[in-house]
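Visitor:
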Amino acid sequence: MRNFALHLRYCQKKITKTQALNFSTFACPVLQSQDPCLPIQNLQSRRRALVNLLQLRVSDQPIWYDKRMHAQVVVSGFQDDVFLANLLLHSYTKSDSIVYARKLFDKMPEKNSVTWSSMVSMYTKHGNDEEALVMFSEFCRNSDGKPNEYTLASVIRACSDWEGLIKVLKCIVLL
């Protein structure tokens with residue numbers, strides 16, 4: 001469905017974060033349909049549509065939107081796609097769905113620096129500093145990637161005491 005992809009591009013150009021538009025007027029026809037698959041036959045086009053829908057997400061969307069998008073990703077066969085999984089993590093973070101974000105993170109077969117950074121940032125944002133430091137420590141031990149400046153900024157915010165700072169410094173030395 002070429003028209004669907006064109007409609008998504010048009011919507012993406014029109015929506016800005018400062019506008020008070022209800023995104024559901026654009027995404028809901030697909031997400032609320034009883035058909036579990038996007039109305040697109042070509043897998044590459046379906047993936048692109050999912051990426052566009054996740055990137056268009058605005059902060060005040062309800063949690064059902066994230067769950068439905070997650071279902072669309074799984075039904076479409078992209079559950080192992082790290083890029084889409086990272087977009088889903090970001091979407092869950094926007095809706096303050098820590099539990100769903102953690103479940104998704106735990107099920108991901110492959111994680112990259114963006115994945116780990118998103119989790120550290122999410123825990124810090126929600127005041128769960130201890131979990132953010134534990135996540136950063138796991139990142140240092142279990143990942144091939146290196147923390148970037150965003151990860152380190154979140155970790156520094158999470159270091160509310162000397163003990164936390166010492167844990168972080170030990171991780172950095174191990175890098």
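For the record, in the sequence shown the residue sitting at position 144 is 144 according to full-length UniProt numbering, with numbers rising by one throughout. Think of the CB as a built atom: it goes at the ideal place given N, C-alpha and C, for glycine as much as any other residue. Small disclaimer: the values here were computed from a predicted structure and weren't measured.
(1) Is S91 near M69, with beta carbons less than 9 Å apart?
(2) Please report the distance separating the alpha-carbon of K146 from that of R48.
(3) Skipping 5 residues on each side, what residues in its chain have a beta carbon closer than 7 Å to that of I98?
(4) Within 10 Å of its beta-carbon, does D80 have 16 or more other beta-carbons around it, so buried, or fewer, so exposed?
(5) Taking the continuous alpha helix (DSSP H) assigned at residue 176, which residues delimit it?
(6) Of the residues P62, S137, C159, L84, which one's Cα is nearest the Cα of R46?
(7) Ordered along the chain, which non-local residues of its own chain (more than five positions away) have a Cβ less than 6 Å from that of F139?
(8) What first and last residue would you give for the alpha helix (DSSP H) that runs through L104?
(9) Helix, strand or coil, according to DSSP, for D144 in the structure here?
(10) Using a 10 Å radius around the Cβ and a threshold of 16 neighbouring Cβ atoms, would you call A101 buried or exposed?
(11) How many angstroms separate the CA atom of D106 from the CA atom of T151?
(12) Roughly how many whole angstroms lie between the Cα atoms of L87 and K170?
Guide: So, from the listed chains and residues:
(1) yes
(2) 28 Å
(3) M122, H126
(4) exposed
(5) Nothing can be reported for residue 176, as the shown portion of the chain is limited to 1 through 175.
(6) Answer by Cα proximity: L84.
(7) W116
(8) 98-107
(9) coil
(10) Burial call: buried.
(11) 19 Å
(12) 30 Å
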